Structures are given as structure tokens and as C-alpha cells.
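Asks:
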Amino acid sequence: MSRRRRIYEGKAKILYEGPEPGTLIQHFKDDATAFNAKKHSVIDGKGVLNNRISEHIFTNLNDMGIPTHFIRRLNMREQLIREVEIIPLEVVVRNVAAGSLAKRLGLEEGTQLPRSIIEFYYKNDELNDPLVTEEHITAFGWATPQELDDIMALAVRVNDFLAGLFLGVGIRLVDFKIECGRLWENDMMRVVVADEISPDSCRLWDLKTNEKMDKDRFRRDLGGLLEAYQEVAQRLGILPEQDRPPVTGPTLVQ
Ligand SMILES: Nc1ncnc2c1ncn2[C@@H]1O[C@H](COP(=O)(O)OP(=O)(O)O)[C@@H](O)[C@H]1O
Ligand SMILES: [Mg+2]
């Protein structure tokens, strides 16, 4: 465990050198950060849940032919991934107004958007991940026009899949963020979905109660973050049996 070479340590994850060239090990920490790490705390067990939830989602994306960096989960906290060249953008897809969009445009949180909207943020902590346009992205060479087309097509496919997945378990997909990267296979390059997809990177609201089941519980000091992530995992059917609450069957009425 300790003799592996650490490639990068970020806010929520650590990347280690993988067993073969072109692979990495992605380790999920328990750290929760918000507002560009100005707010930080450790939530025991969050990393384990995000590892499992992200595994579930990426496995499904791979099965549907949506290319990702994900190879397989290795253990409770780690997964084997393909090393990619990360495109320095946070690609946000929104279905319902919330967070910074609601604030910026004066929309009430929870307003259904006329259609899904894709936004790009330049991934740069020093600048607080500013909102950028396609013009900025291509002018500064962060991605080519062709890559941007590929990224948007991926984002739409991921949104369609995720919205359906969550709707099926009584959860509204308000918005989410993905990161994409360049993956080389021989002389061919393709853009794939990288990083993680978990309640840290999505806004998930209970369909009936509108209860938040995502990182906004931490951002807004609502408490119960771990329980909410557990509930998401449970609804997706991916919590090991022993972590599920005891099944309460019908009681015999005398
Ligand atoms: N397949 C991959 N290859 C290389 N880098 C990756 C891959 N997937 C994710 N990353 C990068 O690894 C880092 C994951 O750690 P994280 O804690 O999320 O970092 P950050 O604080 O930069 O968001 C991110 O910077 C992400 O862009
Ligand atoms: Mg990150």
C-alpha cells in the first residue's frame, strides 16, 4: 500500500501509479470540501460510498458504450482507471435551476429549465473555477472545437442515462458535473468521461420530499450527509447486505 508512487493528491481523492503503464489507482478519501476548499471537514465513510456509487455509474456507462476511464473497483476505497490527459474543464449539465445558476439569473431553486443546459467552468482553483464560454475554451486551446463537440455529446448521453437511473429510484437529477480526458489507444485519441460521478458531484433531490441527498448537505450545513449518501447507494441497490437496515417484514396481527 505505502510503497506505491503517489502521482497527485487532490481535495477528495489521491491518484497512485497503477500496476501497468497507462493505468492509475484512484483512492477516495473521506474529506469533504466546498467553496474551493475554504470549507473542509472529514466525514468517515464518505470515500467508501463514493467509490461504490461511482463504480456503479461508470460500469453502467461503459456497458452502454459511453467511453470512460473506469476499469474496475479494487477495494473499498480504490478503483483502477486508465490514465488520461484531463481537459481542464468542469462540464456541468443542469436540468433544474439550483446553486450558482439560480443565483446568477435570479431563478427560484427548483425551477425546471426549458431544456438541459451545459455550462463550462475552467478548472483552476486559484481563479475559483470561473464560468467560461466555448470561445474562451477554443481560443486558449483548452480543447479543440472537435473535442468540445465530443464533450457535449458525452455530457448529453451521461445526463440522459443518469436522469433515468435516478428517476427509477425516486430521485430527481437536478444537475451534475463531469470531467473529461484524452485517452490514447495506439495512434487514436478519444475523449472519455474521467474523475468520479457521485453525490459529491451531482445535485440529487428526493422526488417526493425534495430532500437534498448530495453535497449541498455539507455546503449548507444541513447535516446527515453520510446518511443521505447511504440512502442513494441503497436505492441504487449497491450497499452490501450487512450495511442495510434490517428488513421489517409484515407483522402478524392476532
Ligand atoms: N483518469 C484520470 N487520469 C488522470 N487524472 C485524472 C483521471 N481522473 C481524474 N483525474 C484527476 O485527478 C484528480 C482527482 O482528485 P480530486 O481530489 O478530485 O482533485 P481536485 O482537488 O483537483 O478536484 C482531479 O484533479 C482529476 O482531474
Ligand atoms: Mg475533484
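If you count by the working numbering, then the sequence shown holds residues 64 to 317, one letter each, in order. Positions of the beta carbon are idealized from the N, C-alpha and C atoms, including for glycine. Keep in mind it's a predicted model, so treat the numbers as computed, not measured.
#1: Work out the CA separation of Gly173 and Thr272 for me, nearest whole Å.
#2: Are there 16 or more other CB atoms within 10 angstroms of the CB of Asp250, so buried, or fewer, so exposed?
#3: Where are the alpha helix (DSSP H) runs, 4 residues long or more, that stay fully inside the region 200-258, in chain order?
#4: Do you know offhand how far Leu194's Cα is from Ala202's?
#5: Exposed or buried, what is Asp188 when buried is set at 16 or more other beta-carbons lying within 10 Å of its beta-carbon?
#6: Give every residue whose Cβ lies closer than 7 Å to any heavy atom of ligand 2, listed in chain order.
#7: Can you list, in chain order, the residues of its chain whose CB lies under 8 Å from that of Ala100, leaving out five sequence neighbours each side?
#8: Would the beta-carbon of Val256 be found less than 7 Å away from any heavy atom of ligand 1?
#9: When you measure from the CB of Arg145 to every non-hydrogen atom of ligand 1, does any distance come out below 7 Å?
#10: Among the residues of its own chain, which have a CB less than 7 Å from the CB of His119, if the five just before and after it don't count?
#11: Is the region 148-156 close to the region 233-248, with three or more CB pairs under 8 Å?
#12: Tell me the rounded alpha-carbon separation between Arg145 and Gly312.
#13: Which residue wins for smallest C-alpha separation from Val111, given the options Glu290, Leu270, Trp205 and Phe229?
#14: What do you get for Glu259, buried or exposed, if any count of 16 or more other CB atoms within 10 angstroms of its CB means buried?
#15: Would a C-beta distance cut-off of 8 Å place Leu124 and Val219 closer than the cut-off?
Replies: So, to answer that:
#1: Start at 1 with the first residue of the sequence shown, and residue 272 comes out as number 209. Start at 1 with the first residue of the sequence shown, and residue 173 comes out as number 110. Thr272 and Gly173: Cα-Cα distance of roughly 12 Å.
#2: In the sequence shown, residue 250 corresponds to position 187, counting from 1. It counts as exposed.
#3: 208-230
#4: The residue labelled residue 194 in the question sits at position 131 within the sequence shown. The residue labelled residue 202 in the question sits at position 139 within the sequence shown. Each residue's alpha carbon lies about 15 Å from the other.
#5: For this step, residue 188 is matched to residue 125 along the sequence shown. Asp188 comes out exposed.
#6: Gly73, Lys74, Ala75, Lys76 and Asp258
#7: Translated into positions along the sequence shown, residue 100 becomes position 37. The answer, listed in chain order, is Lys74 and Asp188.
#8: What you label residue 256 is simply residue 193 of the sequence shown in a count that begins at 1. Incorrect: Val256 has no Cβ contact closer than 7 Å to ligand 1.
#9: Within the sequence shown, the letter at position 82 stands for residue 145. Result yes, Cβ under 7 Å from ligand 1.
#10: Here residue 119 refers to the residue found at position 56 when the sequence shown is read from its first residue. Leu299 and Ile301, listed in sequence order.
#11: yes
#12: By one-based count along the sequence shown, residue 145 stands at place 82. By one-based count along the sequence shown, residue 312 stands at place 249. Their Cα atoms are separated by approximately 44 Å.
#13: Your numbering for residue 111 matches position 48 in the sequence shown. With distances taken between Cα atoms, Val111 lies closest to Glu290.
#14: Looking up residue 259 in the sequence shown gives position 196. Classification of Glu259: buried, given that the 10 Å Cβ count is 16 or more.
#15: Translated into the one-based positions of the sequence shown, residue 124 becomes position 61. Translated into the one-based positions of the sequence shown, residue 219 becomes position 156. Taking 8 Å as the Cβ cut-off, Leu124 and Val219 do not qualify as a contacting pair.
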